[in-house]
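If you read the sequence shown in our numbering, its first letter stands for residue 65, the second for the next number, and so on. Read through the structure below, which is laid out as structure tokens, and then see the notes.
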Amino acid sequence: MAKENVIKNNLHKYSVSAMCKVLQLSRSTYYYEAKQKGNENILEAPIMKIFKDSRSNYGARKIKIELEKEGYQVSGRKISRIMRASGLISKYTIAQFKPHVDKCNESKVSNLVKREFKNQSHLIIVVSDLTYVCVDMS
Numbered sequence: 065m066a067k068e069n070v071i072k073n074n075l076h077k078y079s080v081s082a083m084c085k086v087l088q089l090s091r092s093t094y095y096y097e098a099k100q101k102g103n104e105n106i107l108e109a110p111i112m113k114i115f116k117d118s119r120s121n122y123g124a125r126k127i128k129i130e131l132e133k134e135g136y137q138v139s140g141r142k143i144s145r146i147m148r149a150s151g152l153i154s155k156y157t158i159a160q161f162k163p164h165v166d167k168c169n170e171s172k173v174s175n176l177v178k179r180e181f182k183n184q185s186h187l188i189i190v191v192s193d194l195t196y197v198c199v200d201m202s
């Protein structure tokens, strides 16, 4: 900031490029203006309304579609950022535990062979795996 102030105070005497060389400051740094962030407070109310109207079901993608219908043009990332800051979490993003229920045909089978495949005669032990059988197209 100090170097920029020196350049601004001496603009009437010297050129910007000459002062930047002396102060070892690139001209692009002198002319650089930080982009202002858009005001996200304007979007909080419509996002909250859409989220509550959907009974906490909509995520950022569907909220983006609803906002486009209302005339807003906002990126999904900005919507996600606002939702995260507001503490809005869709019901469907929360993982739900679904216990695996064993079916009647999935009973444990004891290991009778115990990997002893060295037999004197042929086809005494036959082992197969019946993983999938299509019965009556169901």
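Where a beta carbon is used, it is the ideal one built from N, C-alpha and C, also for glycine.
Annotated as distal: G102 and Y156, with beta-carbon spacing of 9 Å or more. By the C-beta criterion, the stretch 80-88 is judged not to be in contact with the stretch 109-118, since fewer than 3 inter-stretch pairs fall below 8 Å. Nearest neighbour of L89 by Cα position, chosen from N175, E104, A66, N73, turns out to be A66.
Looking at F181, S139, P163, T93, the one whose alpha-carbon comes closest to that of L107 is S139. For V177 against I189, the beta-carbon gap comes to about 6 Å, under 8 Å, which counts as contact. The distance from the Cβ of K142 to that of E104 is about 7 Å, consistent with a contact at the 8 Å cut-off. Per DSSP, reduced to three states, the secondary structure at F115 is helical. Excluding residues up to 5 positions away in sequence, V138, G140, I143 lie with their Cβ nearer than 7 Å to the Cβ of K128 in the same chain. Between R179 and H164, the alpha-carbon positions lie close to 30 Å from each other.
Remark: C-beta atoms of I111 and L131 approach each other more closely than 9 Å. Per DSSP, the continuous alpha helix (DSSP H) segment holding A124 begins and ends at 124-133.
Within the model, the alpha-carbon separation for N175 versus V197 is close to 22 Å. R148 and K162 have their C-alpha atoms roughly 26 Å apart. Comparing C-alpha distances from S192 to each of I114, Y95, V173, D200 shows the shortest one belongs to V173.
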